[in-house]
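Since the structure comes first, as structure tokens, the remarks are kept for the end.
In the numbering used here, the protein residues as written are 1 to 400.
Written out as structure tokens, the structure reads:
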């Protein structure tokens, strides 16, 4: 893959000039001669102090050069609710009402506290004071109403709508600028947990039509340049309600090929990559120029079955396919033990709602299920994978 890197250089020169014009009286006729008069020496001109203008301090926070492995893949909108949202930028530009803390428990973000009524069908959220959008507009409860009504608009077809369709779009009210009340279509004891969804971001009232390109949120970074074919960049929001970000700028460039990403790291063209196989990580181990971090997260590797077509429309076949996999072997080979066996569960093991269950390989039971489904001689299927995600090919090999 031939990757061309586009460099943009902008030079700014600020020149301050003070021009003082010498002014004197207009010329007059020569006066008549007069007796000489001894003149007193003129007083020395008083020096006018010149105020020195200090140069702005250099921002030493630095720039993070980030790579996006999907090359946007049709993602082109900065509307966080859009099906074509640019997900890496959504994280940087917008905030949520509620987030999950390190223990998987809902914690305040743009909301500071919340409480239900006695039925659990009406929830009141108290909002953070003093928050502003990137354009300086104050954040209020009306922005929350607008955000969720926009998200639930059927014409938008937001992927989040199916998760939060218990919100009545006409039942959201604002007793004051810092209070918003959700009237749900059904009681829900853990509604704040639903609002921690990574897509549930807040946009400014009336911003549809411009938000797709401006990314005007309340988040820690402000859009600087959006270039789908080159380098997209955001700069620090130094007025961020949670404090100044630790970075001055983040640049994002799309590199879909995993080998090209490795070469970009080694050539000091990017600083960070979050998608690496255990085999590739070995190239960086022991190198003092790199830091390898292993963090528990909710990301999972999966091979999906199309349940609308045979044979995967039969739940017996799907269960048999699960029983065939040796999860211990997959963990050892694909991730070299650096991970957790999810047991066909997309919920993060550290989550409060994680259900631990057994998923040991059982070939005999898988054969019995296939026979019951009408495949007594077994079943041959084709696995279709891509190396865009470097872990998928070795996972398919293990499954085979």
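For glycine and all other residues, C-beta sits at the position ideal for the given N, C-alpha and C.
Considered as a whole, the region 106 to 188 harbours 106 to 108, 111 to 116, 122 to 127, 167 to 176, 179 to 184 as its complete beta strand (DSSP E) runs of no fewer than 3 residues, in chain order. Here the region 364 to 374 makes no contact with the region 119 to 128; the two share fewer than three CB pairs at distances below 8 Å. Comparing C-alpha distances from residue 212 to each of 185, 84, 68 shows the shortest one belongs to 84.
Spatial neighbours of residue 241 in its own chain (CB-CB distance under 6 Å, excluding positions within 5 residues in sequence) are listed in chain order as 131. With fewer than 16 neighbouring CB atoms inside 10 Å of its own CB, residue 303 falls in the exposed class. Residue state for residue 277 is assigned as coil, using DSSP reduced to three classes. Counting of Cβ neighbours within 10 angstroms places residue 113 among the exposed residues, the total staying below 16. For residue 63, the enclosing beta strand (DSSP E) starts and ends at 63 to 68. The beta carbon of residue 343 sits closer than 6 Å to those of 357, 359, all from its chain and outside the five residues before and after it, given in chain order.
Judged by DSSP in its simplified three-state form, residue 198 adopts coil rather than helix or strand. If you compare the alpha carbons of 119, 325, 269 with that of residue 184, the shortest gap goes to 119. Collapsing the DSSP output to three states places residue 386 in coil. Secondary structure at residue 272: strand, using DSSP grouped into helix, strand and coil. Residue environment: residue 299 is assigned as exposed (fewer than 16 neighbouring CB atoms within 10 Å of its CB, all protein chains considered). Beta-carbon to beta-carbon, residue 93 and residue 78 are separated by about 7 Å, close enough to satisfy the 8 Å threshold. Scanning 252, 363, 187, 207 for the CA closest to the CA of residue 225 turns up 252. Residue 176 and residue 189 have their C-alpha atoms roughly 24 Å apart. Excluding residues up to 5 positions away in sequence, 124, 125, 126, 127, 141 lie with their Cβ nearer than 8 Å to the Cβ of residue 179 in the same chain. For the pair of segments examined, the region 160 to 172 was found not to touch the region 247 to 264: the number of CB pairs separated by less than 8 Å stays below three. Judged by their CB atoms, residue 278 and residue 67 are not nearer to each other than the 8 Å cut-off. Residue 256 has its alpha-carbon roughly 10 Å from the corresponding atom of residue 390. The region 199 to 217 and the region 133 to 149 touch, with no fewer than 3 CB-CB distances between them shorter than 8 Å. Residue pairing for residue 236: DSSP places it in a beta bridge opposite 221. Assignment of alpha helix (DSSP H) within the region 361 to 386, counting only whole runs of 4 or more residues, yields 363 to 372 in chain order. The criterion of a C-beta distance shorter than 8 Å is not satisfied by residue 379 and residue 399. Annotation: the continuous alpha helix (DSSP H) that includes residue 261 extends over 258 to 266. With fewer than 16 other beta carbons inside 10 angstroms of its own, residue 102 counts as exposed. The beta carbon of residue 340 sits closer than 6 Å to those of 349, all from its chain and outside the five residues before and after it, given in chain order. The straight-line gap separating the alpha-carbon atoms of residue 352 and residue 107 is approximately 14 Å.
Residue 271 is positioned such that its CB atom lies closer than 8 Å to that of residue 65. Going by DSSP, residue 393 is part of no beta strand (DSSP E) but of the alpha helix (DSSP H) stretching over 392 to 399. For residue 251, the enclosing beta strand (DSSP E) begins and ends at 249 to 254. Residue environment: residue 182 is assigned as buried (16 or more neighbouring CB atoms within 10 Å of its CB, all protein chains considered).
Burial state of residue 386 is exposed, judged by a 10 Å Cβ sphere holding fewer than 16 other Cβ atoms. Cβ neighbours of residue 373 within its own chain (closer than 8 Å, five residues either side excluded): 311, 314, 316, 317, 320. Assigned with DSSP and collapsed to three states, residue 208 falls in coil, not helix or strand.
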